[in-house]
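From first to last, the protein sequence lines are chains A and B.
Quick note: to get the working numbering, add 209 to the position in the first sequence (first position is 1).
Quick note: to get the working numbering, add 330 to the position in the second sequence (first position is 1).
For glycine and all other residues, C-beta sits at the position ideal for the given N, C-alpha and C.
What follows is a short report on a single structure.
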Amino acid sequence: MPSILAFGSYVPPRIVGNDELAARLGCDAAWILQVSGIEERRVADGESVVTLGVQAARACLGQSSVPVGLVMVSSGTGERRFPGPAAAIAMQLGLGGIPAIDIPIASAGSLFALALASSLTSTYGNILVVATEKMSGAASIERNTAILFGDGAGACLVSPGPGPLQILASVLHSDGEGTEALHLPLDGPLQMNGFAVIRHASGKLPAVITEALLKAGIPVSTVRVFLMHQANQNLIDRVARAIDVPAAAFYSNIRRYGNTSSASMLIAAAEWFPEASLRPGEIVCFAAFGAGFHWGALVARAQ
Amino acid sequence: MTTTQQIADLVGKISNRPAPVAEDESLFEAGYLDSFTLTDFVGQLERVFSIKVPDADLTPRRFDTLARISAYVEKTPRVNRAGQS
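Set out below in structure tokens:
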């Protein structure tokens with residue numbers, strides 16, 4: 210069975226707190242915290258999705274010396290219409306020549322890449338998954354979206370052989386009915402019907418988590434941690450209630466980084482994993498929902 | 331019971347507060363509804379009034395007051411159990 214060998218992450222050093230953002234947007238800093246659970250976010254100055262992704266990938270690859278056979282990069286905020294950042298990230302990592310695939314899926318892109326990597330790893334060997342986003346530029350004007358987003362990158366390494374986290378099952382879904390509810394036009398800025406997004410995410414995330422756990426034969430009550438796309442603290446709490454587990458079972462770092470779109474789940478994993486002291490047999494459940502709509506969940510077991 | 335009274339009762343239940351009375355009071359500014367409770371509330375509206383609220387209609391302006399919600403419910407076609415108008 211495929212496994213996850215390592216995680217890595219990188220966030221740019223510049224911190225933008227709610228006071229600074231509130232002054233720019235003409236709103237109240239306490240209101241930002243109340244509606245989002247976010248206190249601060251990171252903003253990239255002079256860095257691209259490529260350089261962010263490279264930093265996260267280096268942090269991940271630094272923990273493992275295995276050869277990489279494929280690079281998969283999710284990003285919804287690449288600076289160019291084409292090519293996407295995958296080939297450039299691979300080149301800067303010294304991995305030029307091996308296939309590098311872009312997955313232009315915001316929010317759920319890292320979950321999709323991770324799930325697909327678990328299937329492709331038997332063919333390509335070790336697969337480096339990178340998720341890298343500069344959301345601050347995409348959502349910098351309109352108050353209700355500008356407060357939510359930040360920049361950053363995450364990465365993980367998927368192997369066909371044994372590793373710390375054995376992947377048991379994954380489930381992916383897409384529904385183009387949600388195309389207009391959340392999208393980034395070519396000439397920006399980000400457009401979001403937050404009510405519609407919340408409506409669908411609130412229903413689809415609990416359902417897909419349940420579906421993936423059922424597929425893996427794992428009772429929800431036995432999951433050690435849920436590593437979910439960090440969209441909004443209120444949404445994370447709502448999903449926890451819907452599947453009847455304590456909110457504390459959902460790792461959250463959204464207070465410090467905001468919503469970093471597809472990067473958020475892997476940034477969360479990279480921060481949580483080294484501190485977790487996982488025991489063999491413990492279950493980790495990944496989940497994400499986002500633009501498209503695309504959503505899914507993946508279940509892994511500690512070895 | 332009028333449509334507006336039924337809607338007010340639903341708002342009260344969703345918000346765990348006494349039902350609002352003023353038909354033109356902003357339910358968001360008064361704290362009855364927010365981004366998350368609105369989605370629950372709309373689900374209740376769909377069930378009680380046998381209507382289907384499309385995503386494009388999910389805007390705060392449309393659901394901001396009892397009067398606006400009542401007008402929306404009155405003009406929205408009822409659907410049968412198969413989801414057809």
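Using the beta-carbon of each residue, which ones in chain A are nearer than 8 Å to SER345 (chain B)? SER345 (chain B) does not reach chain A, its nearest Cβ partner there being about 15 Å away, counting only Cβ pairs nearer than 8 Å.
key: THR341 (chain A) burial status per 10 Å Cβ neighbour count (16 or more: buried)   = THR341 (chain A) comes out buried.
Original post:
Taking THR354 (chain A) as the reference, which of A:HIS392, A:PHE435, A:LEU279 has the closest Cα?
Top reply: A:HIS392
| Can you check whether the CB of PHE498 (chain A) is closer than 8 Å to the CB of SER383 (chain A)? | No, the Cβ-Cβ distance between SER383 (chain A) and PHE498 (chain A) is not below 8 Å.
Practice item. Report all residues from its chain with a CB closer than 7 Å to the CB of ASP339 (chain B); omit the five preceding and five following residues, and keep chain order. Key: The answer, listed in chain order, is ALA349.
### Query
With a cut-off of 8 Å, does the C-beta of ASP394 (chain B) fall near any C-beta of chain A?
no
(Q) Counting only Cβ-Cβ distances shorter than 7 Å, please list the residues of the stretch 393-427 of chain A near chain B, keeping chain order. (A) ASN402, GLY403, PHE404, ALA405, ILE407, ARG408, SER411
Which residues in chain B have a C-beta closer than 8 Å to the C-beta of ALA390 (chain A)? List them in chain order. Within 8 Å Cβ-Cβ: ASP385.
Exercise. Can you give me the start and stop residues for the alpha helix (DSSP H) that THR341 (chain A) sits inside?
Key: No alpha helix (DSSP H) holds THR341 (chain A); the beta strand (DSSP E) holding it covers 336-343.
Can you list, in chain order, the residues of the stretch 355-368 of chain B whose Cβ is nearer than 9 Å to any Cβ on chain A? ASP364, SER365, PHE366, LEU368
Original post:
Taking three-plus beta-carbon pairs below 8 Å as touching, is the stretch 444-451 of chain A in contact with the stretch 276-291 of chain A?
Top reply: no
Starting from the Cα of GLN272 (chain A), find the closest Cα among A:VAL244, A:LEU366, A:GLY303 and give me that residue.
A:LEU366
**Message:** In whole angstroms, give me the CA-to-CA distance for SER411 (chain A) and VAL417 (chain A).
**Reply:** Taking the CA atoms as reference points, SER411 (chain A) sits about 11 Å from VAL417 (chain A).
### Query
For the beta strand (DSSP E) that ASP360 (chain A) lies in, which residues bound it at each end?
Counted as a single uninterrupted DSSP element, the beta strand (DSSP E) harbouring ASP360 (chain A) occupies residues 360-368.
Have a look at ASP301 (chain B) and GLU355 (chain B) and give me their C-alpha separation to the nearest angstrom. Beyond the ends of chain B as shown, which are 331 and 415, falls residue 301 (chain B); an answer cannot be given.
Helix, strand or coil for HIS438 (chain A)? Go by DSSP, reduced to three states.
coil
ask   = Quick one: which chain B residues come within Cβ less than 7 Å of ASN443 (chain A)?
value = PHE366
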